[in-house]
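Chains as they are written, first to last, in the working numbering: chain A, -11 to 194; chain B, -11 to 194. Beta carbons are placed, not taken as given, at the ideal position from N, Cα and C, and that holds for glycine. Taking it in order: structure first as structure tokens, then the write-up.
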DNA sequence: GACAACATACATTCATGAATGTATAATGCG
DNA sequence: CGCATTATACATTCATGAATGTATGTTGTC
């Protein structure tokens, strides 16, 4: 029965992968540990060996899959560009197109965009929220730097810019992972462009 | 035990109200029929008398509370305005401020923005989706009319405009009902304005 | 007194978590 | 280096509780 260390880690990864698939397809609370075990090709015994309970699997997924993904996006924001706004635009287009071609990332996104931190997930709400606010702070600093470099209108409020951007992206991603309303390959660029252009009227004076 | 007809309807409303509160606070799947019954001050017997199961309560909430709310918003869009884009702007600000002052509406929003149509809710996905697409079609027609009246740049794509608007609003509402990131009374107008203005750079030529 | 509007009681299902069993890898010791 | 020991990585079994749905009891109203 006893496996080698590599085998053990493979089992753990299988369980995590099975968990994402199930959570993403049926939701966290509609997925039993038996579902996960069966998908992973093990029994609940194996699951309980690697994780304390279902909530811990959720947390492990956040640490192992979601956070690295966010970190990767934010790392790109650290690279200095002569045209930050254009950079941001390209980064988002690239991000969305990458997402369109990576089913696992779609599943991770679906899981963490939809999850409501209630019930057994409540304990993780604060921590996951903190890491999100950290990301938003970096975005705000990014806009601020863009203003300092005179690449962004200085009368815009970085906080409002950040929130606007964040809300739009969140809504877009949620729609994408939950419905077939959005075809990223066709809509990603026009949507991002529209956001940057604004919903301007021709004559907006009374 | 037998009540008058008004009493009966009052019981039904109590159950629905109790359901929104519980669903909104703990999520659909973390709420038991016992929770709802207790909140409503009845037993599960009463709940099962009025509804077949928990999913039917969810559906009743959609029909009784969510749909009328959407209808009300859309009805305002039907009124002809000389400045459609300004009208839309004002409408949204008004909508958001109304939401900020109506806890019940917040609960309904929280429920239907967060719910993932999996498990026992799957049967309602198609219908609720259809009513949503109907709304989006009206929005698209609205933008088209604005273009016809020369109040909106004619080279903008009404579909993209609609999607952009919808994604932003959805993300905004979801953030509002789930976190304390957004203070509608302070942020509603600036955010809406920022959306209409766009995230413009000063120099966006290379 | 018949039936509507519930309350109560019960059967069934199902997920959890813990306890236990077990075969094998890793490790220490002579 | 061979072997006994021990820890590991699970599988299996079992006890518990919670939620559901149903069946039946009760009471008031028309």
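Interface partners of residue i on chain B, CB under 8 Å
i	result
residue 167(A)	117
residue 153(A)	187
residue 102(A)	102 and 104
Residue i: contacting residues in chain B (beta-carbon distance under 9 Å)
i	result
residue 42(A)	Going along chain B, no residue has its Cβ under 9 Å from residue 42(A), so there is no contact; the nearest lies around 13 Å.
residue 175(A)	147, 148 and 151
residue 58(A)	None at all; the shortest Cβ gap to chain B is about 16 Å.
residue 3(A)	Under the 9 Å cutoff, chain B gives no residues; its nearest Cβ is about 21 Å from residue 3(A).
Three-state class that DSSP yields for residue i in the structure shown
i	result
residue 187(A)	coil
residue 196(B)	Residue 196(B) is absent from the model: chain B starts at -11 and stops at 194.
residue 16(A)	coil
residue 71(A)	coil
residue 170(B)	coil
residue 165(B)	helix
residue 10(A)	helix
residue -6(A)	helix
residue 96(A)	helix
residue 127(A)	helix
residue 90(B)	coil
residue 30(B)	coil
residue 106(A)	coil
residue 41(B)	coil
residue 79(B)	helix
residue 145(A)	coil
residue 177(B)	helix
residue 5(A)	helix
residue -1(A)	helix
Proximity winner among the options, relative to residue i (alpha-carbon distances)
i	options	result
residue 160(A)	146(A), 177(A), 147(A) and 145(A)	177(A)
residue 9(A)	114(A), 174(A), 23(A) and 43(A)	23(A)
residue 94(B)	163(B), 18(B), 38(B) and 31(B)	163(B)
residue 139(A)	107(A), 73(A) and 84(A)	73(A)
residue 135(A)	187(B), 111(B) and 28(B)	187(B)
residue 46(A)	-7(A), 170(A) and 97(A)	97(A)
residue 90(A)	71(A), 67(A), -5(A) and 172(A)	172(A)
residue 148(B)	175(A), 33(A), 100(A) and 6(A)	175(A)
residue 167(B)	12(A), 28(A) and 113(A)	113(A)
residue 29(B)	3(B), 36(B), 37(B) and 42(B)	3(B)
residue -4(A)	37(A), 165(A), 26(A) and 14(A)	37(A)
residue 31(B)	119(B), 43(B) and 6(B)	6(B)
residue 88(B)	165(B), -1(B) and 1(B)	165(B)
residue 150(B)	1(B), 118(B), 43(B) and 129(B)	129(B)
residue 27(A)	142(A), 1(A), 85(A) and 43(A)	1(A)
residue 144(B)	184(A), -9(A) and 86(A)	184(A)
residue 137(A)	120(A), -9(A), 70(A) and 41(A)	70(A)
residue 155(A)	141(B), 102(B) and 179(B)	179(B)
residue 11(A)	43(A), -9(A), -8(A) and 39(A)	43(A)
residue 39(B)	-9(B), -1(B) and 66(B)	-1(B)
Under 7 Å by beta carbon: chain B residues contacting residue i
i	result
residue 141(A)	188 and 190
residue 209(A)	Only positions -11 to 194 of chain A appear in the structure, and residue 209(A) is not among them; the question remains open.
residue 14(A)	106 and 107
residue 18(A)	17, 106 and 107
Cβ-Cβ separation, residue j to residue i (assumed contact under 8 Å), whole Å
i	j	result
residue 82(B)	residue 152(A)	No, residue 82(B) and residue 152(A) are not in contact; Cβ-Cβ is about 19 Å, not under 8 Å.
residue 195(A)	residue 169(A)	Given that chain A is displayed from residue -11 to residue 194, the structure contains no residue 195(A) and the question cannot be resolved.
residue 62(B)	residue 157(B)	Not quite, the Cβ-Cβ distance comes to about 13 Å (not below 8 Å), so this is no contact.
residue 58(A)	residue 123(A)	6 Å
residue 34(B)	residue 25(B)	7 Å
residue 132(A)	residue 146(A)	5 Å
residue 68(A)	residue 79(A)	Rounded, the Cβ-Cβ distance is 13 Å, inconsistent with contact.
Closer than 7 Å at the beta carbon, the chain A residues around residue i
i	result
residue 182(B)	148, 149 and 152
residue 158(B)	159, 162 and 163
residue 22(B)	Simply none; closest approach about 15 Å.
Residue i: contacting residues in chain A (beta-carbon distance under 8 Å)
i	result
residue 10(B)	Going along chain A, no residue has its Cβ under 8 Å from residue 10(B), so there is no contact; the nearest lies around 10 Å.
Chain-ordered chain A contacts of residue i [CB-CB under 9 Å]
i	result
residue 170(B)	151 and 155
residue 45(B)	Ordered by position in chain A, no residue passes the 9 Å Cβ test against residue 45(B), which lies about 17 Å from the chain.
- Can you find at least 3 beta carbon pairs, one from the stretch 14 to 31 of chain A and one from the stretch 104 to 118 of chain B, that sit closer than 8 Å? yes
- Message: For the pair the stretch 48 to 55 of chain B and the stretch 63 to 77 of chain B, tell me if three or more CB-CB distances fall below 8 Å.
- Response: no
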